[in-house]
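So for the sequence shown, numbering that gives the first Met the number 0 puts the first residue at 0; every next one is plus one.
Note that CB positions come from ideal geometry on N, CA and C, so glycine has one too.
What you are looking at is a predicted structure, and each value in this text was computed from that prediction instead of being measured.
In what follows, a single structure is set out as structure tokens and then discussed.
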Amino acid sequence: MEKIIDETVQGTALNTKKGKNNSRKLYIESYGCQMNFSDSEIVASILANEGYDTTQNLNEADLVLVNTCSIREKAELTVRKRLEKFNKVKRTNPHMKVGVLGCMAERLKSKFLEEEKIVDMVVGPDAYKDLPNLIQEIDEGRNAVNVILSKDETYGDVAPVRLNTNGVTAFVSITRGCDNMCTFCVVPFTRGRERSRDPHSIIEEVNDLWEKGYKEVTLLGQNVDSYLWYGGGLKKEFVNASDMQKATAVDFADLLEMVALAQPKMRIRFSTSNPQDMTLDAIKIMAKYKNICNHIHLPVQSGSNRILKAMNRLHTREEYFRLIDDIRELIPNCGISQDMIIGFPTETQQDHEDTLSLMEYVKYDFGYMFSYSERPGTMAARKLDDDIPEEVKQKRLAEVIALQREHCKYRTEEHLGKTEEILIEGSSKKSDAHWMGRNSQNIVAIFPKEHYKVGDFVNVKMNDCTSATLLGEAVDYSDNN
Ligand code: SAM
0 MEKIIDETVQ
10 GTALNTKKGK
20 NNSRKLYIES
30 YGCQMNFSDS
40 EIVASILANE
50 GYDTTQNLNE
60 ADLVLVNTCS
70 IREKAELTVR
80 KRLEKFNKVK
90 RTNPHMKVGV
100 LGCMAERLKS
110 KFLEEEKIVD
120 MVVGPDAYKD
130 LPNLIQEIDE
140 GRNAVNVILS
150 KDETYGDVAP
160 VRLNTNGVTA
170 FVSITRGCDN
180 MCTFCVVPFT
190 RGRERSRDPH
200 SIIEEVNDLW
210 EKGYKEVTLL
220 GQNVDSYLWY
230 GGGLKKEFVN
240 ASDMQKATAV
250 DFADLLEMVA
260 LAQPKMRIRF
270 STSNPQDMTL
280 DAIKIMAKYK
290 NICNHIHLPV
300 QSGSNRILKA
310 MNRLHTREEY
320 FRLIDDIREL
330 IPNCGISQDM
340 IIGFPTETQQ
350 DHEDTLSLME
360 YVKYDFGYMF
370 SYSERPGTMA
380 ARKLDDDIPE
390 EVKQKRLAEV
400 IALQREHCKY
410 RTEEHLGKTE
420 EILIEGSSKK
430 SDAHWMGRNS
440 QNIVAIFPKE
450 HYKVGDFVNV
460 KMNDCTSATL
470 LGEAVDYSDN
480 N
């Protein structure tokens, strides 16, 4: 089953083109969500101007940066192990400096620097433009820290360098932070309050990607549907905006349309949505433009109204069903995927069965399922005992995963016999004679290479499948080339 948090890329050292006069080496590893991988591209861009090229060889690094994730305890433990490894290398390579970026930096700043002394630098997600100053501090032998969360930083003016790119698909950040305050989630504390990026800088980045040969962009944010540009500043301060600002504000549906029109041959995806912020307008725009992919990642977290309320998800299961019905009516072949949290405090067997019955109703194309991990500082950690025994969590999680697997197979099989447009991203991992690409619904398809090449849009007839992968043969170029 596919993963948003793609375990195969977690922790890979990211690489980019060499700068002409760069003499220092940056080794940068990323963990967690797509947003973190996208942020690392902003960091690499800022540091390229400071004389750093990226390297994948830890031993030659002058600066090691780890872009970290706090969403579950397991993610933090993985990073801790890496920090121990970097400290070992540091003993044989004393000029090497180590910095922690991202969500763990925000959460564990003083612990890392003062108590444990395992890093030289701690930089929160809104402070990357301060990196040149912070690096100067550590070059002069002092520890450096900046974890100030910003009201308006969106890095709209930084052109990211693309790390480990396939040259075909790229991420474009459109919002930062989150205001939703789901009781289980650490994001509002580590990434700050929600703000949106200037649409003109988004369009500029998309146009630039097209000119460089990219064929697909994913608009990224913790909660993209909540996008709102009214001249800058926090979303929650929109109520204080002037009449003119309110009248000319750009919401997510407007932005989607602007991007779709700016590059009509470019595929557009977005991630992640929150059901409470998804609008009919945005769904109508998806239906209207052929180049917006027919896939919505729509995390629900639970199928029980009682648990949804305890999670501070601002919708009921019935409202969620209505949204699913609207999507299916307006975009009949839309792929829908989910995130689910299993074993949230107080979850009963009945709540769990509500989750299974919600899944039966939607029959998601794929999903990302996690057992609840208590995160310090969140409302759930403060108010509720993590009272579901681990073996119950694991048993329920296994049931949810098994059901998702069935639905995944059911949805994949719906594509058999059809001819669908696939954008070629690269060689199949399993066979060099086959291409790998995705259809509009984000399902991976594999087919013989013939004369086609990376970046081509190809019509592929789907002959066979595994539970999550389509196997086919190319018919011809699609009319999108
Ligand atoms: N916009 C998304 C939403 O609607 O909730 C948030 C994306 S969140 C960064 C990624 C996923 O991590 C969440 O959807 C949730 O399933 C999972 N997650 C967040 N906090 C968690 C926790 N404390 N324990 C387990 N899983 C968690």
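Query raised in the report: For the alpha helix (DSSP H) that contains His433, what are its first and last residues?
Result: For the purposes of this step, residue 433 is identified with residue 434 of the sequence shown, where counting begins at 1. Here His433 belongs to no alpha helix (DSSP H); instead the beta strand (DSSP E) covers His433 to Arg437.
Requested in this report: Compute every distance between the C-beta of Asn179 and the non-hydrogen atoms of the ligand SAM, then say whether any falls below 8 Å.
Outcome: Counted from its first residue, the sequence shown places residue 179 at position 180. Yes; taking the cut-off as 8 Å, the Cβ of Asn179 has a heavy atom of the ligand SAM nearer than that.
Query raised in the report: Counting pairs of Cβ atoms below 8 Å between the stretch 448 to 456 and the stretch 303 to 311, do you hit three or more?
Result: no
Query raised in the report: Residues with a Cβ closer than 6 Å to any heavy atom of the ligand SAM, in chain order?
Result: Cys32, Ile70, Arg71, Cys181, Phe183, Cys184, Val186, Gln221, Asn222, Thr271, Asn273, Pro298, Gln300, Asp338, Ile340, Phe369, Tyr371, Ser372 and Arg374
Query raised in the report: For Leu100, which of Gly334, Ile27 and Pro331 has the nearest alpha-carbon?
Result: One-based indexing of the sequence shown puts residue 100 at position 101. Among Gly334, Ile27 and Pro331, the Cα nearest to that of Leu100 belongs to Ile27.
Query raised in the report: What number of angstroms, rounded off, separates the C-alpha of Ile3 from the C-alpha of Ser301?
Result: Within the sequence shown, numbered from 1, the residue matching residue 3 stands at position 4. Within the sequence shown, numbered from 1, the residue matching residue 301 stands at position 302. Confidence is the limiting factor: at Ile3 the pLDDT is only 42, short of 50, which leaves the residue's position unreliable, though a coordinate-based value still follows. Using only the alpha carbons, I get a separation of about 18 Å.
Query raised in the report: On the three-pair Cβ rule with 8 Å, is the stretch 374 to 383 touching the stretch 319 to 333?
Result: no
Query raised in the report: Which word fits Met0, buried or exposed, when buried means at least 16 other C-beta atoms lie within 10 angstroms of its C-beta?
Result: Counted from its first residue, the sequence shown places residue 0 at position 1. Its pLDDT being 37, under 50, Met0 is placed unreliably in this model, and the coordinates cannot settle the point.
Query raised in the report: At which residues does the alpha helix (DSSP H) containing Thr495 begin and terminate?
Result: Because residue 495 is not part of the residues shown, which for the chain are 0 to 480, the question remains open.
Query - Alpha carbon of Lys460 to alpha carbon of Ala444, nearest angstrom - result: Translated into positions along the sequence shown, residue 460 becomes position 461. Translated into positions along the sequence shown, residue 444 becomes position 445. Looking at the two C-alpha atoms, the distance is approximately 10 Å.
Query raised in the report: Alpha carbon to alpha carbon, what distance is there between Lys96 and Ala240?
Result: As a first step, residue 240 must be located in the sequence shown, where it is residue number 241. As a first step, residue 96 must be located in the sequence shown, where it is residue number 97. Approximately 44 Å between the Cα atoms of the pair.
Query raised in the report: Short check: CB of Ser29 to CB of Phe36, under 9 Å?
Result: Walking along the sequence shown from the start, residue 29 turns up at place 30. Walking along the sequence shown from the start, residue 36 turns up at place 37. Result yes, Cβ atoms of Ser29 and Phe36 sit closer than 9 Å.
**Report entry** Straight-line gap, Gln349 to Asn165 (C-alpha atoms, nearest Å)
**Finding:** Against the sequence shown, residue 349 aligns to sequence position 350. Against the sequence shown, residue 165 aligns to sequence position 166. Straight-line Cα distance between these residues: approximately 45 Å.
Query raised in the report: Under 9 Å between the Cβ atoms of Gly212 and Thr271?
Result: If you number the sequence shown from 1, residue 212 lands on position 213. If you number the sequence shown from 1, residue 271 lands on position 272. No, they are not a contact pair.
Query - The beta strand (DSSP E) enclosing Val474, as first and last residue numbers - result: Within the sequence shown, numbered from 1, the residue matching residue 474 stands at position 475. Here the beta strand (DSSP E) through Val474 covers Thr468 to Tyr476.
Query raised in the report: Of the residues Gln440, Glu420, Phe446 and Glu412, which one's Cα is nearest the Cα of Lys428?
Result: Taking the first residue of the sequence shown as 1, we reach residue 428 at position 429. The shortest C-alpha separation from Lys428 is found at Phe446.
Report task. Identify the continuous alpha helix (DSSP H) that holds Ile323 and give its terminal residues. Result -> Position 324 of the sequence shown, counted from the first residue, corresponds to residue 323. Arg316 to Leu329 is the extent of the alpha helix (DSSP H) around Ile323.
Query - Asn462, buried or exposed, once every other Cβ within 10 Å from all chains shown has been counted against 16 - result: The residue given as residue 462 occupies position 463 in the sequence shown. So Asn462 ends up on the exposed side.
**Report entry** Met265 vs Leu208 beta-carbon contact at 9 Å
**Finding:** Reading the sequence shown from its first residue, position 266 is the one you call residue 265. Reading the sequence shown from its first residue, position 209 is the one you call residue 208. Result yes, Cβ atoms of Met265 and Leu208 sit closer than 9 Å.
Query - Sequence ranges, alpha helix (DSSP H) only - wholly within the stretch 69 to 134, length at least 4 - result: 72 to 91 and 102 to 109
Requested in this report: Could you have a look at Leu208 and say whether DSSP puts it in helix, strand or coil?
Outcome: Position 209 of the sequence shown, counted from the start, is the residue given in the question as residue 208. It is helical.
Report task. Provide the residue span of the alpha helix (DSSP H) that contains Arg381, from first to last. Result -> To locate residue 381, count along the sequence shown from 1; it is residue 382. Taken as a continuous stretch (DSSP letters only), the alpha helix (DSSP H) holding Arg381 covers Met378 to Lys382.
Query raised in the report: According to DSSP, what are the bridge partners of Leu219?
Result: The count along the sequence shown starts at 1 and reaches residue 219 at position 220. DSSP, once it has assigned bridges, lists Ser172 and Ser270 as partnering Leu219.
Query raised in the report: Do Met435 and Glu419 have their CB atoms nearer than 9 Å?
Result: Against the sequence shown, residue 435 aligns to sequence position 436. Against the sequence shown, residue 419 aligns to sequence position 420. No; because the gap between Cβ atoms is not below 9 Å, this pair is not in contact.
Query raised in the report: Which value, in whole angstroms, describes the spacing of the CA atoms of Thr465 and Arg410?
Result: For this step, residue 465 is matched to residue 466 along the sequence shown. For this step, residue 410 is matched to residue 411 along the sequence shown. Taking the straight line from one Cα to the other gives about 11 Å.
Query raised in the report: By a C-beta neighbour count over all protein chains shown, 10 Å radius and 16 as the cutoff for buried, is Asp52 buried or exposed?
Result: The residue labelled residue 52 in the question sits at position 53 within the sequence shown. By the neighbour-count rule (16 or more Cβ atoms within 10 Å), Asp52 is buried.
Query raised in the report: Among Ile284, Gly191, Thr91 and Asp156, which has the Cα closest to the Cα of Asp125?
Result: Stepping through the sequence shown from its first residue, residue 125 is reached at position 126. Residue Gly191 is the option with its Cα nearest to Asp125.
Query raised in the report: Quick one: is Pro159 buried, meaning 16 or more other Cβ sit within 10 Å of its Cβ, or exposed?
Result: By 1-based counting over the sequence shown, the position of residue 159 is 160. Flag for Pro159 reads buried.
Query raised in the report: When we look at the beta-carbon of Gly98 and count the other beta-carbons within 10 Å, is it buried (16 or more) or exposed?
Result: Looking up residue 98 in the sequence shown gives position 99. Looking at its Cβ environment, which holds 16 or more other Cβ atoms inside 10 Å, Gly98 is buried.
Report task. Give the DSSP-derived three-state secondary structure of His199 in the structure shown. Result -> As a first step, residue 199 is located in the sequence shown; it is residue number 200 there, counting from the start. Helix at His199.
Query raised in the report: Taking just the CA atoms, how far does Asp338 sit from Ile442?
Result: Along the sequence shown, read from residue 1 onward, the residue named residue 442 stands at position 443. Along the sequence shown, read from residue 1 onward, the residue named residue 338 stands at position 339. Roughly 17 Å between the two C-alpha positions.
Query - Residue range of the alpha helix (DSSP H) that includes Lys24 - result: Looking up residue 24 in the sequence shown gives position 25. Per DSSP, Lys24 belongs to no alpha helix (DSSP H); it is in the beta strand (DSSP E), Arg23 to Ser29.
Requested in this report: Look at the Cβ atom of Phe237, then the Cβ atom of Ala281, and state whether they are nearer than 9 Å.
Outcome: Here the question's residue 237 lines up with position 238 in the sequence shown. Here the question's residue 281 lines up with position 282 in the sequence shown. For Phe237 and Ala281, no; Cβs fall outside 9 Å.
Requested in this report: Can you give me the start and stop residues for the beta strand (DSSP E) that Ile421 sits inside?
Outcome: As a position in the sequence shown, residue 421 is number 422, starting the count at 1. Counting along the chain, the beta strand (DSSP E) containing Ile421 begins and ends at Thr418 to Ser426.
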